[in-house]
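Worksheet: the structure to be examined is printed underneath.
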Ligand code: HEM
């Protein structure tokens, strides 16, 4: 086994000096033991990220956890626990691991390069201590024939006096090196390549579209080296979002079976129709478009006391459960006498419970119901603090409908209107459409990553499954001595030596050269 | 037959398989008890024992004649095969009932996963006699099937859109295949550790610790290859479903953790000071992580992989 030995005495001396220390540390770092420890450390370090919500995977979870545990926020931040996989400590582990990897692979590359060109090693003086040792009938004249047998089996052979030294399975080490190198390549390509891409999300109500420009995204993450000018000019409109529900299976009525977003793509001045489905992204220019979530957007209009329309929009409500009980917020800072905030639920199929409250009974639009609470007061929009459009801060507001206000919540079905209490105006539930959230993802690493993965898998197979072994055949007065030596994991070596012996015997038989060819398989061993 | 009828027939087969596995477990346990109760054989008696046993059997071996000694193990093996066939039938029927591959929620993962674990064990007979692992394997099978039917059973429901892809067929099946090999490997590693600690009782009749270690490694390596493939197939699937091949979602994290643990195991086997019991522990930890991933992570961790089927996933 070619494992680096950190404890070969090089570190023991009292006067190491700077270079000595550096060499000592480098040896430690590139030893297999360190590699094992770092690998295990990497496994352990990855775990917290599955326990604590991560900004990249679950931003809402991060907000929730921080609100629930305000006293721990400093700890989360100090240890980057919401960004584990880009945290200094996680990075430190894998950077050390890959440094170790480089330090390990380079000398092995050089060694392997030499081994590939060198002759197989000298035949040991005594074969009897090696694996599968046995003696078959034959003498030095048979060596040519044996040589051919070995070559046919993929061995590289050479002669040392009256013996043959053979080795095979160089591809195992080649595979091993290639495997480690491709892992390094993978890390580099992903690390560097993803810096040139971006991903953005945009919520689209049916009938609406957006252009691929920075300002039209609801959220946008760019790679370090991404140049905003590189955004390709295209536009996408969501024509309609179709959802198919299970209607027959009594255990799954209402389970979604299919989501299809039908879109119109405008690119290079031409328009085309296309679809986006789960598992089937749409390719536009250099980007992939995914449908990542969906919901309902009721169109709500508000008129002031004089009947003037002050608000008329499709307002996206966020689904809270599988039945699409959806939560939404509207803010009316201007237009009415006072600032008004509306917050409430949308039920695609509303049913009234005994308590009088509504619930959703089915995710599709069978009997849409909107139920809103109303607040007046300060919406807090002037303070300059960015506010989520999906949250209403009611600290400085008075509730005028719903809750404990003494006035019922405003409950509407499509086409219905209701008075806003206090004579502020009227509110109308006009109709409702679906919306889809489209993610646009540009990643230039895909092709490279794919090919690296292909190499990685093939080289892993080569490195784990190809046996690497040496074989020696030596002509002695007692016959041909045969034995093998494993290089690395090689459970079938003994059998391989036996097979070779059998083959040699068989060949001798076939030619009828050897009168004593049917000598017993294991002859007494005469050790020279 | 309707979907519900097919499914209840499948359940019936699962219960039958559980019963047969339990019997197999008892038979294997009896075999082990007999092995450990065995008294050293007086030299004269050994002549009578005859040539049935393996040539390299240790001197002070068992009193019972080889044929009798192995009968319990043979019965156990035969029962395991029967149980396996029943369970295979149950799994296939479940698939027929659902009109798709039978591995799309936790109950079905368990069904297929255990069929694969037992299948790897049954097939390993063609390669090596590993019947001494019978207790371990049938024990796992009975326990997991019990938990699966009682705690995570769900009726047949259609596939969520994200699961409607050939990647489900490949990714999940290869993952269960890997788990099957890891189960066998960790059983061997466990015995290796036990043997290193105290080579008495029934353990004495088993291959040496070094042989166990070699077998465990070979099985583990095959599991590792399949797991590597699982990881890659999962990444490709994630790319088409969620728009990125790797996002450190909880399930992705655990797939990665398991992979890295087994990479550590493979390195450990090649490193002086880590070979032997330390590497065996790594294989056990790796399999522990597999079980953890399947149970705790599926049920209690939040993430995109909400496919336990216990809450209807959107
Ligand atoms: C980045 C993390 C690493 C991973 C995931 C990894 C993975 C693997 C795997 C799967 C194998 C077995 C397959 C094969 O033989 O190619 C292996 C073997 C090997 N690795 Fe690594 N490796 C890593 C880092 C390292 C480092 C840092 C070193 C050097 C210190 C190293 C040295 C070796 C050696 C010498 C072998 C051959 C062992 C044998 O012959 O069985 N590896 N590695």
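Protein chains in written order, with my numbering: chain A, 1 to 528; chain B, 1001 to 1314.
For each residue, glycine too, the CB sits at the ideal point set by N, CA and C.
Remember, predicted model here, so these are calculated numbers, not experimental data.
Quick one: give me the first and last residue of the beta strand (DSSP E) that residue 221 of chain A is part of.
Position 221 of the first chain, counted from the start, is the residue given in the question as residue 221 of chain A. Note, residue 221 of chain A: beta strand (DSSP E), 219–222.
For residue 1102 of chain B, would you say it is in contact with chain A, using Cβ-to-Cβ distances shorter than 8 angstroms as the test?
The residue given as residue 1102 of chain B occupies position 102 in the second chain. No, residue 1102 of chain B does not count as interfacial toward chain A.
Nearest by alpha-carbon distance to residue 1025 of chain B: which of B:1172, B:1149, B:1106 and B:1082 is it?
As a first step, residue 1025 of chain B is located in the second chain; it is residue number 25 there, counting from the start. For the residues B:1172, B:1149, B:1106 and B:1082, the minimum Cα distance to residue 1025 of chain B belongs to B:1082.
Given that residue 1281 of chain B touches chain A, what residues does it touch there, using C-beta distances under 7 angstroms?
Translated into the one-based positions of the second chain, residue 1281 of chain B becomes position 281. In chain order: nothing, as chain A lies at least about 11 angstroms away.
Could you compute how far the alpha carbon of residue 19 of chain A sits from the alpha carbon of residue 26 of chain A?
The residue you call residue 19 of chain A lines up with position 19 of the first chain. The residue you call residue 26 of chain A lines up with position 26 of the first chain. Between residue 19 of chain A and residue 26 of chain A, the C-alpha separation is close to 10 angstroms.
Cβ neighbours of residue 441 of chain A in the same chain (closer than 6 angstroms, five flanking residues each side left out)
Here residue 441 of chain A corresponds to residue number 441 of the first chain, with the count starting at 1. 199 and 288, listed in sequence order.
Note down, in chain order, every chain B residue with its Cβ under 8 angstroms from the Cβ of residue 55 of chain A.
If you number the first chain from 1, residue 55 of chain A lands on position 55. What residue 55 of chain A touches in chain B: nothing, since even the nearest Cβ is about 10 angstroms away.
Per-residue burial, residue 111 of chain A [other beta carbons within 10 Å of its own, 16 or more giving buried]:
As a working mapping, residue 111 of chain A is identified with position 111 in the first chain. That one is exposed.
For the pair the stretch 1077–1092 of chain B and the stretch 1003–1015 of chain B, tell me if three or more CB-CB distances fall below 8 angstroms.
yes
Alpha-carbon spacing of residue 171 of chain A relative to residue 146 of chain A, whole angstroms
Here the question's residue 171 of chain A lines up with position 171 in the first chain. Here the question's residue 146 of chain A lines up with position 146 in the first chain. Rounded to whole angstroms, residue 171 of chain A to residue 146 of chain A spans 23 angstroms at the Cα level.
Of the residues A:33, A:34 and A:72, which one's Cα is nearest the Cα of residue 52 of chain A?
By 1-based counting over the first chain, the position of residue 52 of chain A is 52. Here the closest residue by C-alpha is A:72.
I'd like the list of long-range same chain contacts for residue 1183 of chain B, defined as Cβ closer than 6 angstroms, with 5 residues on each side in sequence excluded.
One-based indexing of the second chain puts residue 1183 of chain B at position 183. 1117, listed in sequence order.
Using the DSSP secondary-structure output, state which residues sit across from residue 340 of chain A in a beta bridge.
For the purposes of this step, residue 340 of chain A is identified with residue 340 of the first chain, where counting begins at 1. Answer is A:332 and A:376, bridged to residue 340 of chain A.
Using a Cβ-Cβ cutoff of less than 8 angstroms, which residues in the same chain neighbour residue 88 of chain A once the five nearest sequence positions on both sides are dropped?
Counting from 1 along the first chain, the entry for residue 88 of chain A is found at position 88. Contacts found: 80.
Chain B contact residues for residue 350 of chain A, given Cβ-Cβ distances below 7 angstroms
Numbered from its first residue, the first chain carries residue 350 of chain A at position 350. Chain B residues near residue 350 of chain A: none, gap ~19 angstroms exceeds 7 angstroms.
Short of 6 angstroms in beta carbon distance, which residues of its chain neighbour residue 362 of chain A, apart from the five on each side in sequence? Order them along the chain.
Indexing the first chain from 1 puts residue 362 of chain A at position 362. 254 and 349, listed in sequence order.
Under 8 angstroms, do residue 128 of chain A and residue 474 of chain A count as touching if we go by C-beta distance?
As a working mapping, residue 128 of chain A is identified with position 128 in the first chain. As a working mapping, residue 474 of chain A is identified with position 474 in the first chain. Their beta carbons are not under 8 angstroms apart, which means residue 128 of chain A does not touch residue 474 of chain A by this criterion.
Helix, strand or coil for residue 256 of chain A, going by three-state DSSP, please let me know.
Your numbering for residue 256 of chain A matches position 256 in the first chain. DSSP places residue 256 of chain A in strand when its eight states are reduced to three.
When DSSP labels each residue in this structure, what does residue 290 of chain A get in the three-state scheme?
On the first chain, residue 290 of chain A is found 290 positions in, with the first residue counted as 1. Strand, per DSSP.
Nearest-angstrom Cα separation, counted from residue 1031 of chain B out to residue 1077 of chain B:
Residue 1077 of chain B sits at position 77 when you count from the first residue of the second chain. Residue 1031 of chain B sits at position 31 when you count from the first residue of the second chain. Cα-Cα distance, rounded: 11 angstroms.
Starting from residue 1280 of chain B and walking both ways along the alpha helix (DSSP H), at which residues does that stretch end?
Reading the second chain from its first residue, position 280 is the one you call residue 1280 of chain B. Start and end: 1277–1292.
Between which two residues does the alpha helix (DSSP H) holding residue 152 of chain A run?
Position 152 of the first chain holds residue 152 of chain A. 143–152 is the extent of the alpha helix (DSSP H) around residue 152 of chain A.
Residue range of the unbroken alpha helix (DSSP H) whose run includes residue 179 of chain A:
For the purposes of this step, residue 179 of chain A is taken as residue 179 along the first chain, with counting starting at 1. Residue 179 of chain A -> alpha helix (DSSP H) spans 170–193.
Going by C-alpha distance, which of A:333, A:183, A:500 and A:472 is nearest residue 452 of chain A?
Along the first chain, read from residue 1 onward, the residue named residue 452 of chain A stands at position 452. Comparing Cα positions, the closest option is A:183.
Contact set between the stretch 1160–1182 of chain B and chain A, restricted to residues whose Cβ is under 9 angstroms from the partner:
1160, 1161, 1162, 1163, 1164, 1165 and 1167
Work out the CA separation of residue 31 of chain A and residue 49 of chain A for me, nearest whole Å.
In the first chain, residue 49 of chain A corresponds to position 49, counting from 1. In the first chain, residue 31 of chain A corresponds to position 31, counting from 1. So the alpha carbons of these two residues sit roughly 28 angstroms apart.
Considering only C-alpha positions, which residue in the set A:502, A:197 and A:364 is nearest to residue 228 of chain A?
The sequence position of residue 228 of chain A within the first chain is 228, counting from 1. The option with the nearest alpha carbon to residue 228 of chain A is A:197.
Can you list, in chain order, the residues of the stretch 274–288 of chain A whose Cβ is nearer than 9 angstroms to any Cβ on chain B?
277, 278, 279, 280, 281 and 288
Under 8 angstroms: do the stretch 1209–1220 of chain B and the stretch 475–488 of chain A share three or more Cβ pairs, one atom per stretch?
no
Run through the DSSP bridge pairs and tell me what residue 131 of chain A is partnered with.
As a working note, residue 131 of chain A is residue 131 in the first chain. Note: residue 131 of chain A sits in a beta bridge opposite A:484.
What does residue 87 of chain A reach in chain B if we use C-beta pairs closer than 8 angstroms?
In the first chain, the residue the question calls residue 87 of chain A occupies position 87. By Cβ distance, chain B contributes nothing, its closest Cβ being about 12 angstroms from residue 87 of chain A, past 8 angstroms.
Where does residue 107 of chain A sit, in a helix, a strand or coil, going by DSSP?
Taking the first residue of the first chain as 1, we reach residue 107 of chain A at position 107. Looking at residue 107 of chain A - three-state DSSP - the assignment turns out to be helix.
Nearest CA to the CA of residue 1272 of chain B: which residue from A:17, A:29, A:317 and A:33?
Walking along the second chain from the start, residue 1272 of chain B turns up at place 272. Measuring from the Cα of residue 1272 of chain B, the nearest candidate turns out to be A:33.
Which residues in the same chain as residue 1163 of chain B place their Cβ atom closer than 6 angstroms to its Cβ, once the five residues preceding and following it in sequence are excluded?
One-based indexing of the second chain puts residue 1163 of chain B at position 163. 1104.
When we look at the beta-carbon of residue 468 of chain A and count the other beta-carbons within 10 Å, is it buried (16 or more) or exposed?
As a first step, residue 468 of chain A must be located in the first chain, where it is residue number 468. Looking at its Cβ environment, which holds 16 or more other Cβ atoms inside 10 Å, residue 468 of chain A is buried.
Does any residue of chain B bring its CB to less than 8 angstroms from the CB of residue 361 of chain A?
Counting from 1 along the first chain, the entry for residue 361 of chain A is found at position 361. No, no contact with chain B.
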